[in-house]
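Here's the structure we're looking at; comments come further down.
Residue numbers (my numbering): 178 to 438.
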């Protein structure tokens, strides 16, 4: 074999070896759940905040009836989808992101209502637990309201690793329990009732659907929420502060993802 052929073969082997090594490392990290390359971001109605934040980076496509915006985000790709309001739409949207894009992490951000006086307007929160409070099979199985039988109790727990990561980068944000159902709650007494029955701090209309799909697919998740209506606030307060709350929330999401390994 002449020198040219020998050098070419050695060069080819080095490339092949490096590719195998990279693929092996990627596989190992993926299996351990440590490598985050593709992030699915689900939002109900707050897509305008995403459009403002990433206006120059968005590439739009339609997938199964959902508008999906892809963003090259440094060493990651973020797929942002607007689900629309409610648990079923949010669940369908989450499954679409997992099935179509094989995302490594699902992030949900959005505006929520406060269920306690101490949680103020425009406060941002990290969701540690979710309770689907209008899930009720008690008439046939005497199960607690809000509980799915495959879970130990009424709470659907978010991924601890990403809760801890969010706390690390936002130590002043509180970790909360979110009461989730297909109901927009404006009455202060009803909010207090939900807080008392389910030991919940905030309420929304999508989180339960999203986390149930994540659990079924064994995909980790992170939920960041910002208060658009206080416990005494109602429809008018929500309309006034929704945009500002959504903008605040996407800024926090951006900060977390920038620092995510």
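The beta-carbon is built from N, C-alpha and C at its ideal position, and this holds for glycine as well.
Beta-bridge annotation (DSSP): residue 286 is paired with 401. Around the beta-carbon of residue 242, fewer than 16 other beta-carbon atoms lie within 10 Å, marking it exposed.
If you draw a straight line from the Cα of residue 431 to the Cα of residue 315, it comes to about 41 Å.
A distance below 6 Å between beta-carbons, with the five flanking residues on each side excluded, links residue 265 to no residue of its chain. The C-alpha of residue 271 is placed about 21 Å away from the C-alpha of residue 361. Counting only unbroken stretches of 4 or more residues, the alpha helix (DSSP H) elements lying wholly within the segment 301-360 are 315-318, 337-346, in sequence order. With respect to residue 226, residue 424 sits close: the two C-beta atoms are nearer than 8 Å. Each residue's CA atom was taken as its position, placing residue 297 and residue 404 some 7 Å apart. In this structure, DSSP gives residue 254 an extended state, which the three-state scheme calls strand. Rounded to the nearest angstrom, the Cβ distance from residue 319 to residue 384 is 26 Å, too far for a contact under 8 Å.
Closest by C-alpha distance to residue 375, out of 293, 349, 236, is 293. Looking at 238, 305, 312, the one whose alpha-carbon comes closest to that of residue 277 is 238.
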